[in-house]
Structures are given as C-alpha cells and as structure tokens.
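Colleague: Let me give you the structure first, and then I'll get to my questions.
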Amino acid sequence: MSPWVVTIGYLLKGGDHAMAGQDSTSVSPGEPGVTGDLFSPACPTRQLLDRIGDKWTSMLVKVLAEAHPGELGFAELRRRTPGVSHKMLSQTLQSLRHDGLVERRVDPVVPPRVYYSLTDLGLSLDAPLAVVRAWAEQHIRAIEEARRRPD
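In structure tokens:
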C-alpha cells in the first residue's frame, strides 16, 4: 500500500508574536495514530466507512455472523436477505471479499456451488454494527416522528 502524505497546519503563539506554517510527512495507512481525512473521497477510511454504511453490507455481515463458523450458499444468503437483487448481492459480496471481510469457497461440482463465510476481520465488524442496529431500534420512534413533521 502506498504511503499517504499528511500535511499538518499549525499556529504557535508565544509572547508578542505568533508563527504559522505547515509541515508534511509521509505515513503508511494502518500505522498507530494515523487517521485519514474523512472529507476526502480518496481517504481509505472514508471508502471503508462507505462500504460499512451500505445497508446490504450490514445485513450480510449479520446473516453471516449468525451462521459463523459455518458458511452459506448464495441462494441461502439471498433468501435470508429479503429485497436484495441477484446483482446487488453479487456486487456486495465481491466488495466484501475485496476488503478481506468475506471468504468465498467454490465446491467443484457440476454445477459449481459457491459458499461464503466471514473472515476474522469480518466477524470483528459484527459487534460495532450491532451497536448501530441497537441505536436505530432505540431511536426509531423519534426518527419516524421527525419524518412526519413538515420540512
């Protein structure tokens, strides 16, 4: 992974004068204490949050976590995720695989059977998403009331 260039602006005040400037340094994503710029579309953290915030991602992580340590076939995943189209399920699973959250196993029979399971990294995402789901359930009435009010 290529390093990021991080630019930090500063303002130092002391006595009767102040000094302003900026400094740049090169860091690698994932280093302790390194965060990205969530307002930049190129920020890897923002891209991951976009993936995690997708409704199908949160549903698939929950469904696969409930099956853990087992795996589920494509048709079973679609059955357990009402409303998802074949295309959207395929795209979401492919993105989750690309991000290292889901593993895909092909059973070499005719026709081939494909199974999906969470990686350890994917399983670690279930608890934070459960907190978001609990928040939504706790506050849904207030949100529905707000939606009924005229803008």
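So for the sequence shown, the numbering used here puts the first residue at 396; every next one is plus one.
Ideal Cβ positions, reconstructed from N, Cα and C, are used throughout, including at glycine.
Computed from a prediction, not measured in an experiment: that's the story for all the values here.
Rounded to whole angstroms, what's the CA-CA distance from Ala415 to Ser435? Just pull it up for me.
Modeller: A caution first: Ala415 carries a pLDDT of 48, below 50, which makes its placement in the model unreliable, though a value can still be read off. Distance between the alpha carbons of Ala415 and Ser435: 24 Å.
Colleague: Classify Ser453 as helix, strand or coil using the three-state DSSP reduction.
Modeller: helix
Colleague: Identify which residue in Val456, Asp432, Leu444 has its Cα closest to the Cα of Ala522.
Modeller: Val456
Colleague: Can you pull the DSSP bridge partners for Arg500?
Modeller: Tyr510
Colleague: Which one of Leu496, Val458, Arg536 has the shortest CA to CA distance from Leu443?
Modeller: Leu496
Colleague: Assuming Thr452 contacts Leu516 (C-beta within less than 8 Å), just tell me the rounded distance between them.
Modeller: Contact flag wrong, Cβ pair sits at about 13 Å.
Colleague: Alpha carbon to alpha carbon, what distance is there between Pro503 and Glu532?
Modeller: 42 Å
Colleague: What does the Cβ neighbour count give for Val479, buried or exposed, with the cut at 16 atoms within 10 Å?
Modeller: buried
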